Ligand SMILES: NC(=O)c1ccc[n+]([C@@H]2O[C@H](COP(=O)([O-])OP(=O)(O)OC[C@H]3O[C@@H](n4cnc5c(N)ncnc54)[C@H](OP(=O)(O)O)[C@@H]3O)[C@@H](O)[C@H]2O)c1
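Chains as they are written, first to last, in my numbering: chain Y, 32 to 108; chain Z, 124 to 369.
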């Protein structure tokens with residue numbers, strides 16, 4: 032079974048079409064990974080499916096970096 | 124469009140029925156939504172099948188987001204994809220504003236305007252994933268002109284035009300197009316109720332001097348859904364015999 036980290040990396044790289052090596056914890060979705068706001072919404076929806084949880088709009092707005100996502104998922108799993 | 128899949132709200136009667144049949148004729152598989160008229164919707168689905176496509180009747184109240192979500196989920200599960208959404212379901216509760224009850228206003232806005240929001244929202248995820256979608260919303264000529272005795276209906280139909288523009292801008296870079304059609308006076312149960320004098324008065328305002336047919340609207344829906352319209356989004360097409368010339 033892949034770790035949370037690996038699962039997130041895979042989703043982010045597939046969704047944003049970036050290499051898995053670029054998906055570092057400190058990478059920001061908008062600046063570093065070139066996501067637009069629709070990409071971020073789609074990403075959040077995909078993470079909800081993958082980890083079977085619901086991310087509120089309020090929490091989703093606070094997500095800026097890959098590390099934020101990992102931390103959020105770990106806390107809510 | 125052959126082999127694509129469409130959901131048409133309010134497909135059991137009138138303009139919606141004609142839209143379902145026209146799409147089926149073009150080889151599109153159709154989910155025929157209805158609110159109460161199960162038998163009529165099933166008849167429409169059967170008629171669609173005679174064109175060699177898959178078709179099903181599906182109940183759902185567009186004004187109720189939970190009902191819409193369940194309906195869209197079931198349609199996507201059955202079809203496997205959903206390329207076309209036609210928001211056609213609509214109601215009227217006509218009366219002069221002084222006599223219009225709050226319920227009359229709310230019911231019309233909930234079905235005609237919020238219904239479009241509910242359905243567009245419910246399909247947006249699938250269409251975004253597909254990187255492909257066509258949303259066609261049925262507004263009305265009176266949404267552009269205004270009309271005495273229809274404050275609720277006019278507000279809802281003008282709202283649909285604005286909503287269409289927002290959808291178009293928001294979803295454009297996911298290859299999802301959203302356009303509206305503003306039909307004029309079309310011969311359906313909705314217009315059958317009009318008194319003869321009203322109809323005569325109406326004809327005077329129509330340059331082409333005739334009421335439209337549901338098929339006239341259906342043909343334009345089919346055009347907007349097709350790749351012939353691939354460079355159009357956020358537009359409102361007037362199918363009204365020339366009543367509005369924007
Ligand atoms: N006729 C005209 O001259 C004209 C002109 C301009 C615009 N339009 C617009 O064109 C559209 C179709 O009109 P029409 O004349 O064909 O109407 P219609 O003959 O009265 O049919 C209305 C359709 O909407 C469905 N419906 C109503 N409320 C619903 C709800 N809450 N959830 C799901 N479905 C619902 C009905 O289902 P059931 O059969 O189950 O009740 C029916 O299939 C409407 O949006 C209308 O405003 C019509």
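Glycine included, C-beta positions come from ideal geometry on N, C-alpha and C.
No experiment lies behind these values; they were computed from the predicted model shown.
In the three-state reduction of the DSSP assignment, residue 329/Z falls in the coil class. Three or more beta-carbon pairs separated by less than 8 Å are not found between the stretch 223–231 of chain Z and the stretch 167–179 of chain Z, which leaves the two stretches without contact.
One Cα belongs to residue 194/Z, the other to residue 183/Z, and the distance between them is close to 6 Å. Following the DSSP letters along the chain, one finds residue 369/Z in no alpha helix (DSSP H), marked with neither H nor E.
Taken through DSSP and simplified to helix, strand or coil, residue 270/Z comes out as coil. The beta carbon of residue 69/Y sits closer than 8 Å to some beta carbon of chain Z.
Proximity of chain Y to residue 194/Z at the Cβ level (cut-off 9 Å) is not reached, the minimal Cβ distance being about 19 Å. If one requires a minimum length of 3 residues, the beta strand (DSSP E) runs lying completely within the stretch 232–304 of chain Z are 256–261, in chain order. Our two residues, residue 218/Z and residue 149/Z, have alpha carbons roughly 39 Å apart in a direct line. Of all residues in the stretch 250–281 of chain Z, the ones placed with a Cβ closer than 7 Å to any Cβ belonging to chain Y are 251, in chain order. Straight-line measurement puts the Cα of residue 33/Y at about 17 Å from the Cα of residue 106/Y.
Within chain Y, 69 have C-beta atoms less than 8 Å from the C-beta of residue 297/Z, given in sequence order. Residue 73/Y reaches chain Z at 251, counting residues in chain order whose Cβ is nearer than 7 Å. Using a CB distance cut-off of 8 Å, residue 248/Z counts as an interface residue toward chain Y. When the beta-carbon positions are compared, residue 97/Y and residue 49/Y stay at least 8 Å from each other. For residue 191/Z, the enclosing alpha helix (DSSP H) stretches over residues 188–202.
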